[in-house]
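Residue numbers (numbering that gives the first Met the number 0), protein chains in the order written: chain A, 0 to 306; chain B, 0 to 636. Where is the CB? At the ideal position from N, CA and C, for every residue including glycine.
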Amino acid sequence: MKPCLLLTLTCLHFSNVFVCQANHSNNWAVLVDTSRFWFNYRHVANVLSIYRSVKRLGIPDSQIILMVADDMACNPRNPSPATVYNNADQQLNVYGDDVEVDFRGYEVTVENFVRLLTGRLPPDTPRSKQLLTDEGSNILIYLTGHGGDGFLKFQDSEEVTSQELADALEQMWQKRRYHEIFFMIDTCQASSMYEKFYSPNILAMASSLVGEDSLSHHVDPAIGVYIIDRYTFYALKFLENVKLKSRISMKNFLGVCPKQDCISTVGVRTDLFHRDPAKVPITDFFGSVRPVELTFNFLDISNTPLQ
Amino acid sequence: MGLLTDPSVGHGALTSIFVRHHNRFCILMYIASVVLFCMLAHDSFSSQTYFSENALLPGLVKGQLNDNTGSSFKDHYRELKAEAQYFETETPHSYLISKFKNLRLETYSHNFTLNYPLKKNTKYTGRNVYGILRAPRSASIESIVLSIPYRAPSSVFPNTLPGLAVMFQIAQFFRQQMYWAKDIIFLVTEHEQLGMQAWLEAYHGTCCGSPGVLDSGKLSGRAGAIQAAINLEIHSEKIDHIDIKLSGLNGQLPNLDLVNLAHRLCNKESVRHTFNNVDGGAIGRNKVNTYYTNLSTMLSMVMTQATGVPDGNHGLFHRFGIEAITLEGYEKKGRGIYVSVLQVGRVIEGMFRSLNNLLERFHQSFFFYLLPSTDRYVSIGLYMPCLVLLVGALFLKAFSTWIQHSSEHKLGDSLSKQATISEHLNVGVVSLITLGTHVLGLILLPNFAPAYFTYFWDHISTHRALLMGYGLLSFIIVCIMPILMKKCLNSFKVSNWVLLHVICLLELGIGLLCVSMHNFSLGYLTALVYVLPAIFTSSSQNKIGVKFLWLLVHPMCSLIWITAIITYMAYPELQIVDYLTKVIEASGQWMALSTVDNLVYGNWAFSISVLLLLPVWTSFWCLMFLPTNLPQKYKTE
Numbered sequence: 000m001k002p003c004l005l006l007t008l009t010c011l012h013f014s015n016v017f018v019c020q021a022n023h024s025n026n027w028a029v030l031v032d033t034s035r036f037w038f039n040y041r042h043v044a045n046v047l048s049i050y051r052s053v054k055r056l057g058i059p060d061s062q063i064i065l066m067v068a069d070d071m072a073c074n075p076r077n078p079s080p081a082t083v084y085n086n087a088d089q090q091l092n093v094y095g096d097d098v099e100v101d102f103r104g105y106e107v108t109v110e111n112f113v114r115l116l117t118g119r120l121p122p123d124t125p126r127s128k129q130l131l132t133d134e135g136s137n138i139l140i141y142l143t144g145h146g147g148d149g150f151l152k153f154q155d156s157e158e159v160t161s162q163e164l165a166d167a168l169e170q171m172w173q174k175r176r177y178h179e180i181f182f183m184i185d186t187c188q189a190s191s192m193y194e195k196f197y198s199p200n201i202l203a204m205a206s207s208l209v210g211e212d213s214l215s216h217h218v219d220p221a222i223g224v225y226i227i228d229r230y231t232f233y234a235l236k237f238l239e240n241v242k243l244k245s246r247i248s249m250k251n252f253l254g255v256c257p258k259q260d261c262i263s264t265v266g267v268r269t270d271l272f273h274r275d276p277a278k279v280p281i282t283d284f285f286g287s288v289r290p291v292e293l294t295f296n297f298l299d300i301s302n303t304p305l306q
Numbered sequence: 000m001g002l003l004t005d006p007s008v009g010h011g012a013l014t015s016i017f018v019r020h021h022n023r024f025c026i027l028m029y030i031a032s033v034v035l036f037c038m039l040a041h042d043s044f045s046s047q048t049y050f051s052e053n054a055l056l057p058g059l060v061k062g063q064l065n066d067n068t069g070s071s072f073k074d075h076y077r078e079l080k081a082e083a084q085y086f087e088t089e090t091p092h093s094y095l096i097s098k099f100k101n102l103r104l105e106t107y108s109h110n111f112t113l114n115y116p117l118k119k120n121t122k123y124t125g126r127n128v129y130g131i132l133r134a135p136r137s138a139s140i141e142s143i144v145l146s147i148p149y150r151a152p153s154s155v156f157p158n159t160l161p162g163l164a165v166m167f168q169i170a171q172f173f174r175q176q177m178y179w180a181k182d183i184i185f186l187v188t189e190h191e192q193l194g195m196q197a198w199l200e201a202y203h204g205t206c207c208g209s210p211g212v213l214d215s216g217k218l219s220g221r222a223g224a225i226q227a228a229i230n231l232e233i234h235s236e237k238i239d240h241i242d243i244k245l246s247g248l249n250g251q252l253p254n255l256d257l258v259n260l261a262h263r264l265c266n267k268e269s270v271r272h273t274f275n276n277v278d279g280g281a282i283g284r285n286k287v288n289t290y291y292t293n294l295s296t297m298l299s300m301v302m303t304q305a306t307g308v309p310d311g312n313h314g315l316f317h318r319f320g321i322e323a324i325t326l327e328g329y330e331k332k333g334r335g336i337y338v339s340v341l342q343v344g345r346v347i348e349g350m351f352r353s354l355n356n357l358l359e360r361f362h363q364s365f366f367f368y369l370l371p372s373t374d375r376y377v378s379i380g381l382y383m384p385c386l387v388l389l390v391g392a393l394f395l396k397a398f399s400t401w402i403q404h405s406s407e408h409k410l411g412d413s414l415s416k417q418a419t420i421s422e423h424l425n426v427g428v429v430s431l432i433t434l435g436t437h438v439l440g441l442i443l444l445p446n447f448a449p450a451y452f453t454y455f456w457d458h459i460s461t462h463r464a465l466l467m468g469y470g471l472l473s474f475i476i477v478c479i480m481p482i483l484m485k486k487c488l489n490s491f492k493v494s495n496w497v498l499l500h501v502i503c504l505l506e507l508g509i510g511l512l513c514v515s516m517h518n519f520s521l522g523y524l525t526a527l528v529y530v531l532p533a534i535f536t537s538s539s540q541n542k543i544g545v546k547f548l549w550l551l552v553h554p555m556c557s558l559i560w561i562t563a564i565i566t567y568m569a570y571p572e573l574q575i576v577d578y579l580t581k582v583i584e585a586s587g588q589w590m591a592l593s594t595v596d597n598l599v600y601g602n603w604a605f606s607i608s609v610l611l612l613l614p615v616w617t618s619f620w621c622l623m624f625l626p627t628n629l630p631q632k633y634k635t636e
C-alpha cells in the first residue's frame, strides 16, 4: 500500500486523476447484438446480460456502447411484455429500468459499427453514440449473433468480415484509440473472427472454433424460445462471482466454459497481447478505473439534504 | 431442326447403336424407371425429415390449454350436440354466430351461391360463419386460419362436432392470451369443399373456376394475409389417432415444414399420428416389413395426389400460396388407451404458437416431395428421374425413328433426286390430323360439351348423360377413323408416316413432363400407361396387337379400367351383373364429378385428358390406319 500511496501523491501534481496499479486510464465496453427476429431472442438476452455485468462492475453507461438489433421486449410474441430474461427461472429481468440502448433496431449496421470503432463519425453524432476512447482506454468488445467462417452477419442483410474487423482495429491502434482490447465473441465458428487480427494488445476469446457451432443453453417453455447461449451463460456465471475488488485474473476467465459445458471448443488468442493473462486482473476489462479526485479543502456535508 | 436435318447426325458409332437397338433401350428405360420408383421407398433413397424454417421454434413452448378456466370441452360439446340434433339437415348458423360472439370474437357470416353448371336454373346456397381474434399487440397484417367443415347429423360423412367443440375451447383460451402477433380466424364452413372454396374466393376477391358458376359473395370482415391454415376434423371424443392429410387441388402439396410441425407436435403431446393411416417409425418392424410399409404408404400418396382432388378442405388453400393441412381424428373403437380431445387441442395450440412465430411465408422447405412415412421424405431430385426415364424413352424413340427415316430417305434420294421432303412426309395431311384432333379436344372441354350432353339427354341423370355423350363420341371416332384413313387418304400413300409418329411421341413426352412438373403422381401414372404402347408403335405396318393395346388405353377405357379395379377392391363380393352396372355408374359419376370440379374449383384432370391424352391418342390411332406402301420398295430398286 505504501508505494501506491506515494505514487498517488506524485501523480497529483500533474493531474487530479489517479490510477492505481493499472496501466490504462479508463474503461469502455462495446456490446453488440447483430441479429434480429424473435427466434434470436437469446442473442438479445446474451448482450443484455453482459451489459448488466459490466455495469455492475463499474463501467458507467456513458462508457458503454450497447447495440441491440431487435426489440424483444416489445415483440408482440413476448408473453411478458417489456421484459427480457436470461434464464428460464425468470429471476432477473435484464431489460430493467436502467438500460441505455445506444444503437437499436436498424441502426445496428456494419457501417455504424465500424464508424463507431474507428471514430469516423459525422460531427453531429451525439456523445452516446461515440466511442470516445484514447490511448489509455481498455476496451471490452463483445459480439453476439450469427456467424460463419470469416464473417458475422448483421441484421440478416449484411455481414462484417474478419478482415474488415481486423483493419478497423488496426485503424484504432494507429489513431491511438485504445490501450488494450479484450475481444469476446459468441457466434458459430467464432474464432474465425479474430484470426485476421494483427494489431497489438488484443486479447481475444471466442465461443467456438472454426467448423463448430455455438449452441444455446436452454429453452424457456413459457416464452417458447432458446433463452441464452452456452458460452455466455457460463461466462456470466463466472462474472457473477467477480466483485470490484476481486483478484481473479484474466487467465481464469479464459478457461471458462470447458468443452463438456460448451459442447463447442472455446478459442483463445494471446499472441498479440503482451502481458501474461495470469497477471491481468479481470477488472482491467470488465471493471472500470475509478477516477478519484482528491481535494484538500473541507466540504460541508451537514447541509446536504437526506434522501 | 438443324441438328436433325444435318446429314452427319446419326452416323456416329454410339448413335447408330442407339438407333439400331432403340426398342431395347426404350424397354430397358421403362423397366429401370419402375424399379427406381419402387426403390424410392427404401431408406437409402428417402431421408429423415427436418425443419428448415428457424422461426418456427417447434414445440419449445409448453402447452397450456386446459379444462379449468371458463367452460370445459364437455360443456361446449353437450351444448353443441343438443343444438345440432335440433337441425337435422342444416347448419345452426344463429347458434354459431351467438357462440362466437360470446367467445368475444369479431363474428361475421358469409353467403354464397352455386349455379349448378350442368343443369340450368339449379342453385344451391350456403352460409359460412367465421370469427376473427385480433392480435392484441400487432397490426392486422397477417393471419392464421383454423377451419372446420360443419356436418349436419344427416351428412354421409363422419361428424365433426367434437372438433367444433375443441375449436370453441381453443378460441376461449386463445382469447385470453396476449402473445398473438397474427390474427386468428376461426372458420366454420358449410357444404364441404364448396363452402371453403367460396370463402377463399371471397377473401381474396377472385374467381378460380368458370365465371358465373360459383358466386362467392362478399365478406364483411377480413384479417390480414393468411399465412397458414389448419383444417380440423375430429370424429369422436375418444380419438385413436390423428391422420395428417396433405394432398391439395391438382396435387399441390403444402410446405414440408408445416407437415413436420404437425408430426412433431403430435409426438410431443403423445398423440398417435399417422400419414395415410400408417404409423411412422420403424420400431417393431423388420427391414423388409418397413420397406413394404413405406412403399404402400408412398403408393397411396401417389394415388391420392394423382386424382388432383383434395382429400380435405385444406387442399383448396394451396393455390393461394397458403400452406394448409387437415388433422383428422379417427374414433377409438372399443376399450384401451385413447387420445383425449384436450391433447389434440394442445397440439393445435402448439402449432398455432409456432405459426405465430413465423416471420415470412413458408418457403424454406420442400414443396415437391413424396412421403413414404411420417418422418421420411423423397425429394424431387430423386423422383423426377423416374419420369425422365419414361419420357426419355419416348424421345429416344422419336429420335431413332427420325434418323432411320432420314438415312433411308437419302438412299432413295440418290435414285430419284427430284423428290422433296414434303412429298415424303405428307406435311399437309399430318398437320390436318394434328389440328383436327386438338380441335376435337377443345370441343370436349368441360366448358362446352357437357352442357350440350345434359341438354340433349335431358330426361336421364347428369352422370349418365355425360358418360353416354363422351362414350358415344369416342366410339364413333374409334370406328370411323380407320375407314376414313383407308378410304380417303389412299392417294397419299407413302412408305411410312414418320412425321406424324415423331410429332405424337414428342407431344406426349413434352405433355407428360409439363403435367408432372405440377403433379408428379398424375404425370407418372399417365406415363406408365401411355409410354408402353407408344414405344411399341412403329411408323408403318403396325401389328394388330399394338392396335388392340392402343384401344385398351383410350382415355375412356382407362377410366373404366381404373374404376373397375377400384370397385373390385372396394366390393369384392358383388355379382358380375351388379358389378358391371356399378362400374359403369361409378365411371359416369367420376366424369360428372371431374367436370364439376373443373368448373367450380379449376381442377385440371379433365382438361388434361381431353387436351393432351385424347388428341395424342387419336393421332396415334390415325397413324395405325394410314395407308402405306410396302417397305421393300427401296430394296428391290
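Does any C-beta atom of chain B lie closer than 8 Å to the C-beta of residue i?
i       : result
V218(A) : yes
G223(A) : yes
P75(A)  : yes
F36(A)  : yes
P122(A) : no
P78(A)  : yes
First and last residue of the beta strand (DSSP E) that includes residue i?
i       : result
E330(B) : E322 to E330
E141(B) : E141 to P148
K267(B) : Unbroken run through K267(B) is the alpha helix (DSSP H), L255 to K267; no beta strand (DSSP E).
Give the secondary structure of residue i by DSSP, where H, G and I count as helix, E and B as strand, and everything else as coil.
i       : result
G380(B) : helix
E348(B) : helix
N312(B) : helix
D299(A) : coil
Y454(B) : helix
E105(B) : strand
T90(B)  : coil
N293(B) : helix
With 8 Å as the threshold, decide whether the Cβ of residue i is near any Cβ in chain A.
i       : result
Y178(B) : yes
L61(B)  : Strictly speaking, residue 61(B) in this sequence is Lys, with Leu absent from that position. So, interface residue.
N355(B) : yes
S137(B) : yes
R345(B) : no
A585(B) : no
A305(B) : no
A222(B) : no
Start and end of the alpha helix (DSSP H) containing residue i?
i       : result
F605(B) : A604 to I607
E714(B) : No information on residue 714(B) is available, as it lies outside the stretch 0 to 636 that chain B covers here.
N45(A)  : Y40 to R55
I336(B) : Neither: I336(B) is in no alpha helix (DSSP H) and is coded neither H nor E.
F519(B) : F519 to F535
D577(B) : I575 to V599
T433(B) : V426 to I442
Give the DSSP bridge partners of residue i, in chain order.
i       : result
L132(B) : I183(B)
A203(A) : F182(A) and R268(A)
R375(B) : Q47(B) and S372(B)
Y225(A) : V218(A)
I64(A)  : V29(A)
Just list the alpha helix (DSSP H) runs in the segment 93-173 of chain A, keeping only unbroken ones of 4 residues or longer that don't cross its boundaries, in chain order.
-> 109-117 and 161-173
Every unbroken beta strand (DSSP E) inside the segment 236-289 of chain A [3 residues or more] = Within the segment 236-289 of chain A, the beta strand (DSSP E) runs of at least 3 residues that lie entirely inside it are, in chain order, 266-268.
Entirely within the segment 176-229 of chain B and at least 3 residues each: give me those beta strand (DSSP E) ranges in chain order.
-> 182-188
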